[in-house]
Amino acid sequence: MWRPVTAALAEHHTVVAPDLRGYGESDRPPSGEDHAGYSFRAMAADPVAVMAELGFERFAVVGHDRGARTAHRLTLDHPERVERLALLDIMPTDYVYATVDRRIATAYYHWFLYVQPADLPERLIAGDPIGYLHALFGSWGSGLGAHSPEALAAYEKAFADPAARHAMLEDYRAGASIDLEHDAESERAGHRIRVPTLVLWGAKGAVGGYAESPVDVWRTRAADPGLVEGAAIPKAGHFLVEENTAATIEALRTFLRP
Numbered sequence: 003m004w005r006p007v008t009a010a011l012a013e014h015h016t017v018v019a020p021d022l023r024g025y026g027e028s029d030r031p032p033s034g035e036d037h038a039g040y041s042f043r044a045m046a047a048d049p050v051a052v053m054a055e056l057g058f059e060r061f062a063v064v065g066h067d068r069g070a071r072t073a074h075r076l077t078l079d080h081p082e083r084v085e086r087l088a089l090l091d092i093m094p095t096d097y098v099y100a101t102v103d104r105r106i107a108t109a110y111y112h113w114f115l116y117v118q119p120a121d122l123p124e125r126l127i128a129g130d131p132i133g134y135l136h137a138l139f140g141s142w143g144s145g146l147g148a149h150s151p152e153a154l155a156a157y158e159k160a161f162a163d164p165a166a167r168h169a170m171l172e173d174y175r176a177g178a179s180i181d182l183e184h185d186a187e188s189e190r191a192g193h194r195i196r197v198p199t200l201v202l203w204g205a206k207g208a209v210g211g212y213a214e215s216p217v218d219v220w221r222t223r224a225a226d227p228g229l230v231e232g233a234a235i236p237k238a239g240h241f242l243v244e245e246n247t248a249a250t251i252e253a254l255r256t257f258l259r260p
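Residue numbers (our numbering): 3 to 260.
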């Protein structure tokens with residue numbers, strides 16, 4: 003997904019693009035009974051360690067979907083490491099659960115399927131994993147044609163692995179349990195986003211359909227509302243990086259410009 007964007011940004015930046023744990027070709031460690039192994043806190047610690055190993059103490063963070071939720075947690079848990087933050091096509095996790103209505107329950111039905119105890123979702127998806135993956139892509143964006151053949155093949159390869167699917171489900175189970183506990187702890191402690199933040203979303207996707215603007219919602223999570231800016235990416239749904247690559251690159255270039 004990120005290949006065209008990373009190539010463009012690498013003209014002026016050093017770019018590191020790791021998979022989240024459990025996804026792609028990354029390791030799939032055990033989650034533990036409380037799903038903490040796939041909490042956003044655990045997933046945020048991984049890129050912090052990777053960047054330290056590569057010699058980068060401070061860096062900008064760009065994330066999409068689950069990666070954006072990880073980026074948000076990274077910014078709260080490791081504020082000294084983050085210079086800028088870009089969040090693509092998400093509302094805060096606790097906000098989604100607190101405001102769910104028929105529209106979101108329909109668009110995000112998978113959130114409620116995936117959090118069911120193992121191994122019910124695992125068994126259901128195993129019936130036709132690639133067919134199910136294609137159905138997800140069709141409902142979240144502009145259909146399979148939005149993804150390059152090479153990208154789609156990579157997604158299919160990963161999703162064909164039962165261990166990858168289980169790791170994905172553990173991510174969502176954590177999102178509905180221990181992640182909400184971490185969010186509540188951060189709220190009580192007064193932790194806020196304290197760096198310039200860019201919020202982007204697909205104009206045709208579910209995130210832009212809320213009564214509240216994504217920018218306005220994310221401003222409530224910042225120490226200073228003026229830190230947050232953003233816009234809808236036209237002609238794009240959930241996969242804005244692939245559906246309108248040029249507009250996404252331009253927005254990120256402008257935001258990350260040295």
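Built from N, CA and C at the ideal position, the CB exists for glycine as well.
So is Ala-160 buried or exposed if we call it buried at 16+ other beta carbons inside 10 Å?
-> Sequence index remark: in the sequence shown, residue 160 carries index 158 (1-based). Ala-160 should be labelled buried.
Whole-angstrom distance between Trp-220 and Arg-194, CA atom to CA atom = Stepping through the sequence shown from its first residue, residue 194 is reached at position 192. Stepping through the sequence shown from its first residue, residue 220 is reached at position 218. One C-alpha to the other measures close to 10 Å.
Flag this pair as touching only if the region 48-66 and the region 74-86 have three or more C-beta atom pairs under 8 Å; answer yes or no.
-> yes
How would you label Pro-198, buried or exposed, when you count the other beta carbons within 10 angstroms and need 16 or more for buried?
-> In the sequence shown, counting from the first residue as 1, residue 198 sits at position 196. Buried, by the Cβ-count rule.
Same chain, Cβ closer than 7 Å to Thr-72, neighbours up to 5 away in sequence not counted | As a first step, residue 72 must be located in the sequence shown, where it is residue number 70. Answer for Thr-72: Leu-22, Phe-42, Met-45, Ala-46, Gly-65, listed in chain order.
Answer yes or no: do Gly-177 and Gly-204 have a C-beta to C-beta separation smaller than 8 Å?
-> Reading the sequence shown from its first residue, position 175 is the one you call residue 177. Reading the sequence shown from its first residue, position 202 is the one you call residue 204. Going by C-beta atoms, Gly-177 is not nearer than 8 Å to Gly-204.
Asp-36 classed as buried or exposed, judged by whether at least 16 other C-beta atoms fall within 10 angstroms = Against the sequence shown, residue 36 aligns to sequence position 34. Looking at its Cβ environment, which holds fewer than 16 other Cβ atoms inside 10 Å, Asp-36 is exposed.
Hey, Ala-88 and Phe-257 are a contact pair by Cβ (cut 8 Å); roughly how many whole angstroms apart?
-> What you label residue 88 is simply residue 86 of the sequence shown in a count that begins at 1. What you label residue 257 is simply residue 255 of the sequence shown in a count that begins at 1. Going by Cβ atoms, the distance from Ala-88 to Phe-257 rounds to 6 Å, so yes, they are a contact pair.
State the CB to CB distance for the pair Arg-30 and Ala-128, rounded to an integer number of angstroms; the pair is presumed to be in contact (CB under 8 Å).
-> Numbered from 1 along the sequence shown, position 28 holds the residue referred to as residue 30. Numbered from 1 along the sequence shown, position 126 holds the residue referred to as residue 128. 16 Å between Cβ atoms; not a contact.
Excluding the five sequence neighbours on either side, which residues of its own chain have a C-beta within less than 7 Å of the C-beta of Glu-183, listed in chain order?
-> For this step, residue 183 is matched to residue 181 along the sequence shown. Nothing meets the Cβ criterion.
So what does DSSP say about His-74, is it helix, strand or coil?
-> One-based indexing of the sequence shown puts residue 74 at position 72. Three-state result, His-74: helix.
Where the beta strand (DSSP E) containing Arg-86 begins and where it ends = For the purposes of this step, residue 86 is taken as the residue at position 84 of the sequence shown. Unbroken beta strand (DSSP E) run through Arg-86: 84-90.
Can you grab the Cα-Cα spacing for the pair Ser-215 / Thr-222, in whole Å?
-> For the purposes of this step, residue 215 is taken as residue 213 along the sequence shown, with counting starting at 1. For the purposes of this step, residue 222 is taken as residue 220 along the sequence shown, with counting starting at 1. One C-alpha to the other measures close to 11 Å.
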